[in-house]
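In our numbering, the protein residues as written are 22 to 258.
Think of the CB as a built atom: it goes at the ideal place given N, C-alpha and C, for glycine as much as any other residue.
Report on the structure given below.
Pasting the structure below:
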């Protein structure tokens with residue numbers, strides 16, 4: 022096992038050498054940060070905190086298949102997210118090892134870990150109390166359980182991780198979300214969809230009926246070659 026001195030030395034190196042460009046964040050995360058945590062998977066989320074729950078608006082998976090992410094999004098129920106609920110209440114990093122799970126973990130979370138081959142995960146995030154939005158990161162290990170010595174490291178790296186992921190999202194939106202070929206109404210619906218709005222919210226914001234929103238979304242799905250909202254979000258994000 023890597024010594025604590027070596028781990029903190031590598032942490033200092035990372036803190037002083039963030040990704041040189043926002044677009045390089047996924048590569049930096051995969052090649053530099055995950056090895057520090059002895060992990061090989063990551064799931065990064067940005068979202069809004071509404072009525073004590075997190076509504077995801079952006080996400081970035083590392084090491085997971087599109088099938089894994091689509092399945093996760095389609096089965097997301099707040100009552101089944103014990104780790105996320107615990108973190109939102111305590112705002113502290115946590116460990117979840119499948120063979121010796123924490124009391125706040127749910128059966129659904131443990132089954133998901135088994136399905137994708139994870140032995141352990143470490144999670145943490147950062148929420149802006151004024152803006153009521155923030156980021157959440159889950160790093161996973163497929164070979165071994167994770168040790169508590171990683172918790173303070175997760176705490177120390179979080180401000181930089183939050184900043185780098187936020188910059189990556191903004192840059193990615195500017196470079197890739199070119200909807201100029203899409204008619205104005207559909208373009209606006211897409212913008213609201215990417216902001217995490219549901220059909221009813223989109224209809225209210227645009228002063229149109231929910232049926233119109235659904236019809237427009239069906240046409241958008243066809244344009245992008247997908248069959249559902251979750252598939253479209255995965256493709257665009």
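If you look at residue 111, you'll find it in the alpha helix (DSSP H) that goes 103-111. Assignment of residue 38 by DSSP, reduced to helix, strand and coil, places it in the coil class. Inclusion of residue 157 and residue 62 in the CB contact set at 9 Å is not warranted, their separation being larger than that value.
Under the DSSP assignment, residue 63 falls in the beta strand (DSSP E) whose first and last residues are 62-71.
Per the C-alpha coordinates, the member of 72, 242 and 190 positioned closest to residue 78 is 190. In the DSSP assignment, residue 147 falls within the beta strand (DSSP E) that extends over 141-149. Within the same chain, Cβ atoms closer than 6 Å to the Cβ of residue 64 are found at 82 and 159, the five residues on either side in sequence being excluded. Using a Cβ distance threshold of 9 Å, residue 217 and residue 98 do not count as a contacting pair.
With contact defined as three or more Cβ pairs closer than 8 Å, the segment 179-189 and the segment 35-50 are in contact.
Less than 9 Å separates the beta-carbon of residue 227 from that of residue 213. Here residue 87 is exposed: its Cβ has fewer than 16 other Cβ atoms, across all protein chains shown, within 10 Å. Distances from the alpha-carbon of residue 32 to those of 234, 153, 175 and 116 put 175 closest.
Counting other Cβ atoms within 10 Å of its Cβ, residue 126 reaches 16 or more and is therefore classed as buried. Relative to residue 244, the option among 172, 202, 136 and 153 whose CA is nearest is 202.
Linking residue 107 to residue 119 through their CA atoms gives a straight-line distance of about 17 Å. In terms of Cα proximity to residue 149, the closest of 27, 231 and 109 is 109. Bounds of the alpha helix (DSSP H) holding residue 242 are 231-245. Rounded to whole angstroms, the gap between the alpha carbons of residue 141 and residue 205 is 45 Å. Here the alpha carbons of residue 249 and residue 169 stand approximately 40 Å from one another. Contact check for residue 171 against residue 143 passes: the beta carbons are separated by less than 9 Å. Spanning the alpha carbons of residue 254 and residue 178 requires a straight line of approximately 28 Å.
Rounded to the nearest angstrom, the Cβ distance from residue 85 to residue 26 is 32 Å, too far for a contact under 8 Å.
If the five residues before and after residue 233 are omitted, its C-beta is found closer than 8 Å to the C-beta atoms of 224, all from its own chain and listed in chain order. Comparing C-alpha distances from residue 139 to each of 103, 207, 60 and 115 shows the shortest one belongs to 60.
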